[in-house]
Amino acid sequence: HAWPDLSAEWRGGATLNVLAAAGPFGVDLFFVLSGFLITGILLDARDRPHYFRNFYARRTLRLFPVYYLYLLVIATLLPLFHRLIHTSMPDYGGSWWWYLLYFGNWKANWGWGDPWLGHIWSLAVEEQFYLVWPTVVLLAGPRRLWPVCLAIIAGATALRCVWSAEGVAWNQIYRLTITRADTMAYGALGALALRSDEWRALAGRAAPWLMALGTAGFIGIAIYAGGPDWARPPIQTAGAAVAAVGFLGLVIYAATARAGALHALLRRPLLLALGKYSYFIYVVHGMVIAHVYWIGEAVIKRKPALAIPVKLSLFVAVSVAVFLLAKLSFRFFEAPILRLKKRFD
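Going by our numbering, the sequence shown wraps up at 349, each residue one higher than the last.
So this is what it looks like as structure tokens:
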């Protein structure tokens with residue numbers, strides 16, 4: 005989202021834009037990882053008292069404070085700020101109930117184009133997953149959860165294929181829960197495999213092969229499709245499926261490997277810090293990006309010859325600013341709230 009379009013100033017900018025177009029698949033990795041972690045938490049807590057209370061209390065403490073504070077800021081303080089300085093930055097003018105209830109991805113426009121809120125669709129998918137999955141895990145149990153996950157994968161993949169063939173808007177395919185549920189089901193399969201005496205060792209050995217298969221398959225499909233972006237039918241269908249397989253391999257590898265170059269890379273302090281602060285970064289990054297580039301555009305208008313260095317500087321500035329804000333938020337706002345999770349172990 006932060007990468008600047010340099011194609012007008014530099015021939016190589018178009019190539020970098022293609023690479024940046026693969027960025028939304030970070031959401032797919034997030035869904036697979038979430039399915040893996042949440043299913044594992046639920047399986048481990050299935051026979052403990054206060055199963056629902058503990059799960060929902062801990063999720064509420066993690067997600068609600070940052071999210072609802074953000075909604076409050078963009079509903080009140082941000083419009084006030086722009087009125088005071090007489091600017092014309094857009095404000096959200098639709099119903100707030102979609103976002104207050106985490107159903108923004110089911111709006112008529114699936115949240116696409118809503119100022120400061122368009123990216124929240126993926127959090128809505130997560131919350132809808134949290135709403136039903138604890139009950140599914142409790143009722144199905146480890147043995148019957150396998151076919152449930154396989155059915156979800158088959159159903160979501162088939163629906164994407166049908167809608168893609170019918171020419172349904174790519175944003176509808178990209179943002180609706182029913183077409184993205186397969187990624188979380190893949191993660192759930194990983195959690196089941198690592199808790200099974202029969203499958204644990206095999207899953208660990210298969211992880212690198214799944215990563216290789218997913219990577220090679222996605223690159224091949226992206227070349228065939230002419231790019232890696234979700235607007236292309238081969239990416240919506242086969243591309244999304246093989247990417248999820250590769251991400252499942254990565255998640256299982258991260259959970260089981262104890263040595264190796266990739267293991268060392270995943271343990272780098274910067275990556276660990278990004279994981280720690282990722283939720284705040286996700287929620288607020290769009291607002292920060294828009295305002296930093298808004299300032300930068302004024303500079304570029306005055307000095308067009310400096311467009312490339314200015315845009316690259318803005319990219320660095322956005323990245324640093326969001327990271328530092330997230331670090332401050334975690335230390336002074338999120339961490340004190342998260343300590344309350346101990347009451348719901």
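Even glycine gets a Cβ: it sits at the ideal position worked out from N, Cα and C.
Please state if the CB of residue j and the CB of residue i are separated by a distance shorter than 8 Å.
| i | j | result |
| --- | --- | --- |
| Gly243 | Ile225 | yes |
| Asn109 | Val129 | yes |
| Gly218 | Gly264 | no |
| Ile124 | Gly117 | no |
| Ile239 | Ala229 | yes |
| Ala189 | Cys153 | yes |
| Thr241 | Arg184 | no |
| Tyr281 | Lys331 | yes |
| Leu41 | Val141 | no |
| Trp407 | Ile156 | What is shown of the chain runs 5 to 349, which leaves residue 407 out entirely. |
Please classify residue i as buried or exposed, where buried requires at least 16 other C-beta atoms within 10 Å of its C-beta.
| i | result |
| --- | --- |
| Arg62 | buried |
| Ile4 | No answer is possible for residue 4: the residues shown for the chain start at 5 and end at 349. |
| Lys307 | exposed |
| Tyr71 | buried |
| Asp9 | exposed |
| Glu301 | exposed |
| Glu202 | exposed |
| Phe59 | buried |
| Thr91 | exposed |
| Arg179 | buried |
| Ser333 | buried |
| Ala160 | buried |
Considering Cα atoms alone, identify which of the options is closest to residue i.
| i | options | result |
| --- | --- | --- |
| Leu196 | Tyr178, Gly231, Pro232, Ala259 | Ala259 |
| Pro94 | Met291, Asp51, Leu318, Val320 | Met291 |
| Gly279 | Leu37, Leu23, Glu301, Gly44 | Leu37 |
| Trp213 | Ala294, Val326, Ile256 | Ile256 |
| Thr181 | Lys315, Val246, Val136, Pro146 | Val136 |
| Ala4 | Ala169, Leu198, Ala192 | With the chain represented from 5 up to 349, any question about residue 4 goes unanswered, as that position is not in the structure. |
| Phe337 | Phe284, Glu131, Leu316, Ile78 | Phe284 |
| Leu198 | Gly171, Pro146, Ala162 | Pro146 |
| Ala162 | Pro237, Leu88, Gly221 | Pro237 |
Which of the three DSSP states, helix, strand or coil, is assigned to residue i?
| i | result |
| --- | --- |
| Ala244 | helix |
| Tyr96 | coil |
| Phe334 | helix |
| His5 | coil |
| Tyr134 | helix |
| Ile223 | helix |
| His295 | helix |
| Gly159 | helix |
| Asn417 | No information on residue 417 is available, as it lies outside the stretch 5 to 349 that the chain covers here. |
| Asp51 | coil |
| Asp118 | coil |
| Arg236 | coil |
| Ala321 | helix |
| Tyr106 | coil |
| Thr91 | coil |
| Ser168 | helix |
Report back the beta-carbon spacing between residue i and residue j to the nearest angstrom; my notes put them in contact at under 8 Å.
| i | j | result |
| --- | --- | --- |
| Ser323 | Ala6 | 6 Å |
| Arg66 | Leu342 | 7 Å |
| Lys111 | Trp102 | 5 Å |
| Val22 | Pro232 | 7 Å |
| Val288 | Val326 | 7 Å |
| Phe35 | Thr139 | Contact flag wrong, Cβ pair sits at about 19 Å. |
| Tyr134 | Pro119 | Not quite, the Cβ-Cβ distance comes to about 26 Å (not below 8 Å), so this is no contact. |
| Gly39 | Gly191 | 3 Å |
| Val296 | Ala277 | Contact doesn't hold; Cβ gap of about 21 Å is too wide. |
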